[in-house]
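Engineer:
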Amino acid sequence: MKKPKDLIPPTGDFLLYQTEDGTTRIEVRMQDETVWLSQKQMADLFRKDVRTVNEHIKNIFAEGELSADSVIRKFRITASDGKTYDTAHYNLDVIISVGYRVKSHRGTQFRIWATQRLREYIIKGFAMDDERLKNPPGKGQKDYFDEQLERIRDIRSSERRFYQKVLDIYATSVDYSPNTEISQQFFATMQNKMHWACHGHTAAEVIHQRADATKPHMGLVTTRPGGIVRKDDVTIAKNYLTEEELHALNRIVSAYIDFAELQALRRKPMTMRDWIVKLDDFLKLSEHELLDHAGSISTETAKAKAEVEYERYRVLIDARPRQVDRDFLEAIKTIESKRKGSQK
3 MKKPKDLIPP TGDFLLYQTE DGTTRIEVRM QDETVWLSQK QMADLFRKDV
53 RTVNEHIKNI FAEGELSADS VIRKFRITAS DGKTYDTAHY NLDVIISVGY
103 RVKSHRGTQF RIWATQRLRE YIIKGFAMDD ERLKNPPGKG QKDYFDEQLE
153 RIRDIRSSER RFYQKVLDIY ATSVDYSPNT EISQQFFATM QNKMHWACHG
203 HTAAEVIHQR ADATKPHMGL VTTRPGGIVR KDDVTIAKNY LTEEELHALN
253 RIVSAYIDFA ELQALRRKPM TMRDWIVKLD DFLKLSEHEL LDHAGSISTE
303 TAKAKAEVEY ERYRVLIDAR PRQVDRDFLE AIKTIESKRK GSQK
């Protein structure tokens, strides 16, 4: 496959250095969300011979770690002799893979840095470059700060996270009771008021109205990776919301949690009723419609309807031929066609 050639050399940059306190830092200036380095530039980065870098790259492709087709681009570069050459450049995936293989002080620095990030991710579930996020990128560089905020809002409004936060708030009430049923009622009231503010329906109404076995993914907008739908997913109202509704809910939940935490820091005595009134006040301030009734559908009715639709959905999905089945039938047809052709 012929590689595309670019007349303009890449402008990305990859910096590996130590700060004054001895901490290893990496800064990458991107072009099209990656960075392109030649073998010579990688050799300079990791302070190794070009032949060593070339050998590592060959092994990376030979072992199937990366596919050459997707990680190499040729840029037209003017060399020191004044002549122009088409020079292969390699993207960030290759740079990282080479960094894990080279035996040099710089390679060791890189692996220490990468191991620290990976360890943080495995233990905490996230890894952040605080300095990069505090300082907006330069002109022409993509800023991922808003995307990170949106993802955090989405996590905060997940039913389990939100339920835990609401219970934390509820536990500060002077009339707090560890009674599970009362806790669930308090959570349901808070959740329904927020759903109503976003789209004019309670959580149960959303589930009851939108759970449909005949629709793709049973009507769910948010699914597991690969579009997989599990039984537990179909009784979560948030999974049925459109992108616009979901963004609105995420912002309301996130803003209210911040507001409630500020209220709690003031250590003012609050009852459960006070917290619900505070939520109404918060929604009024942001000009959202208030829910002042229990809704037209009970939680039990919505759950039962969703589970029935899920069973119907599973039957319909199981009746469809899988991709592997279609591929097998196609292979059989090809073999039959070749066999008939050879008999003529």
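Residue numbers (my numbering): 3 to 346.
Quick reminder that beta carbons are idealized off the backbone N, C-alpha and C, glycines included.
Predicted, not measured: the structure shown is a model, and the values here were computed from it.
1. Three or more C-beta pairs under 8 Å: does that hold for the segment 189-203 against the segment 247-264?
2. For a cutoff of 8 Å on Cβ pairs, would you count residue 253 as touching chain B?
3. So residue 299 is in the beta strand (DSSP E); what residue range does that whole segment cover?
4. Go ahead and pull the three-state DSSP assignment for residue 6.
5. Going by beta-carbon coordinates alone, are residue 296 and residue 209 separated by less than 8 Å?
6. Return the CA-CA distance between residue 299 and residue 329, expressed in angstroms with no decimal places.
7. Would you call residue 274 buried or exposed, if buried means 16 or more other Cβ atoms sit within 10 Å of its Cβ?
8. What are the boundary residues of the alpha helix (DSSP H) that residue 249 is part of?
9. For residue 10 and residue 246, what's the separation of their Cα atoms in angstroms?
10. If I follow the unbroken beta strand (DSSP E) through residue 91, where does it start and stop?
11. Among 54, 170, 157, which residue has its Cα nearest to the Cα of residue 267?
12. Apart from the five residues just before and just after residue 214, which ones in its own chain have a Cβ nearer than 8 Å to its Cβ?
13. Is the beta carbon of residue 79 closer than 8 Å to that of residue 44?
14. How would you write the range of the alpha helix (DSSP H) that residue 128 sits in, first residue to last?
15. Considering Cα atoms alone, identify which of 86, 217, 140 is closest to residue 76.
16. With DSSP run on the structure shown, which of helix, strand or coil describes residue 238?
17. Using a Cβ distance threshold of 8 Å, determine whether the segment 52-62 contacts the segment 111-120, with at least three qualifying pairs required.
18. Spell out the partners DSSP gives residue 39 in its beta bridges.
19. Let's test the definition: count the other Cβ atoms within 10 Å of the Cβ of residue 47 and tell me whether it reaches 16, buried, or not, exposed.
20. Would you check if the segment 233-247 and the segment 121-138 touch, i.e. whether three or more CB-CB distances between them fall below 8 Å?
21. Cα separation between residue 255 and residue 128?
22. If residue 292 sits next to residue 258, beta carbons under 8 Å apart, how far is it from one beta carbon to the other, in whole angstroms?
23. Would you identify the three-state DSSP class for residue 335, choosing helix, strand or coil?
24. Could you tell me the alpha carbon to alpha carbon distance between residue 162 and residue 234, rounded to whole angstroms?
25. Could you give the C-beta distance for residue 191 and residue 223, rounded to a whole number, given that I count them as a contact under 8 Å?
Structural biologist: For this structure:
1. yes
2. In the structure shown, chain B cannot be found, because there is only a single protein chain.
3. Along the sequence shown, read from residue 1 onward, the residue named residue 299 stands at position 297. Segment: none, residue 299 is in no beta strand (DSSP E) and carries neither H nor E.
4. In the sequence shown, residue 6 corresponds to position 4, counting from 1. At residue 6 the pLDDT is 46, less than 50, meaning the model places this residue with poor confidence and gives no usable figure here.
5. Along the sequence shown, one-based indexing puts residue 296 at 294. Along the sequence shown, one-based indexing puts residue 209 at 207. Against a cut-off of 8 Å, the Cβ pair of residue 209 and residue 296 comes out as no contact.
6. Position 297 of the sequence shown, counted from the first residue, corresponds to residue 299. Position 327 of the sequence shown, counted from the first residue, corresponds to residue 329. Looking at the two C-alpha atoms, the distance is approximately 45 Å.
7. As a working mapping, residue 274 is identified with position 272 in the sequence shown. Buried.
8. Counting from one through the sequence shown, the residue named residue 249 turns up at place 247. Per DSSP, residue 249 belongs to the alpha helix (DSSP H) from 245-267.
9. Taking the first residue of the sequence shown as position 1, residue 10 is located at position 8. Taking the first residue of the sequence shown as position 1, residue 246 is located at position 244. Any reading at residue 10 must be qualified, since the residue scores a pLDDT of 46, below 50, and its modelled position is unreliable; the value itself is stated next. Cα-Cα distance, rounded: 39 Å.
10. Within the sequence shown, residue 91 is the residue found at index 89, counting from 1. Note, residue 91: beta strand (DSSP E), 86-92.
11. One-based indexing of the sequence shown puts residue 267 at position 265. It is 170.
12. Here residue 214 refers to the residue found at position 212 when the sequence shown is read from its first residue. Excluding residues within five positions, the ones whose Cβ falls inside 8 Å are 220, 221, 311.
13. Position 42 of the sequence shown, counting from 1, holds the residue named residue 44. Position 77 of the sequence shown, counting from 1, holds the residue named residue 79. Not in contact: residue 44 and residue 79 (Cβ atoms no closer than 8 Å).
14. Residue 128 sits at position 126 when you count from the first residue of the sequence shown. Careful: residue 128 lies outside any alpha helix (DSSP H) and carries neither H nor E.
15. Your numbering for residue 76 matches position 74 in the sequence shown. Per the Cα distances, 86.
16. For the purposes of this step, residue 238 is taken as residue 236 along the sequence shown, with counting starting at 1. DSSP places residue 238 in coil when its eight states are reduced to three.
17. no
18. On the sequence shown, position 37 is the one that residue 39 refers to. Beta-bridge pairing links residue 39 to 92.
19. Counting from 1 along the sequence shown, the entry for residue 47 is found at position 45. Looking at its Cβ environment, which holds 16 or more other Cβ atoms inside 10 Å, residue 47 is buried.
20. no
21. Along the sequence shown, one-based indexing puts residue 255 at 253. Along the sequence shown, one-based indexing puts residue 128 at 126. Taking the straight line joining both Cα atoms gives about 21 Å.
22. Walking along the sequence shown from the start, residue 292 turns up at place 290. Walking along the sequence shown from the start, residue 258 turns up at place 256. About 14 Å; that fails the 8 Å criterion.
23. Residue 335 sits at position 333 when you count from the first residue of the sequence shown. In the structure shown, residue 335 sits in a helix (DSSP, three-state: H, G or I).
24. The residue labelled residue 162 in the question sits at position 160 within the sequence shown. The residue labelled residue 234 in the question sits at position 232 within the sequence shown. Distance between the alpha carbons of residue 162 and residue 234 is about 12 Å.
25. Locating residue 191 in the sequence shown gives position 189, where the first residue counts as 1. Locating residue 223 in the sequence shown gives position 221, where the first residue counts as 1. About 25 Å; that fails the 8 Å criterion.
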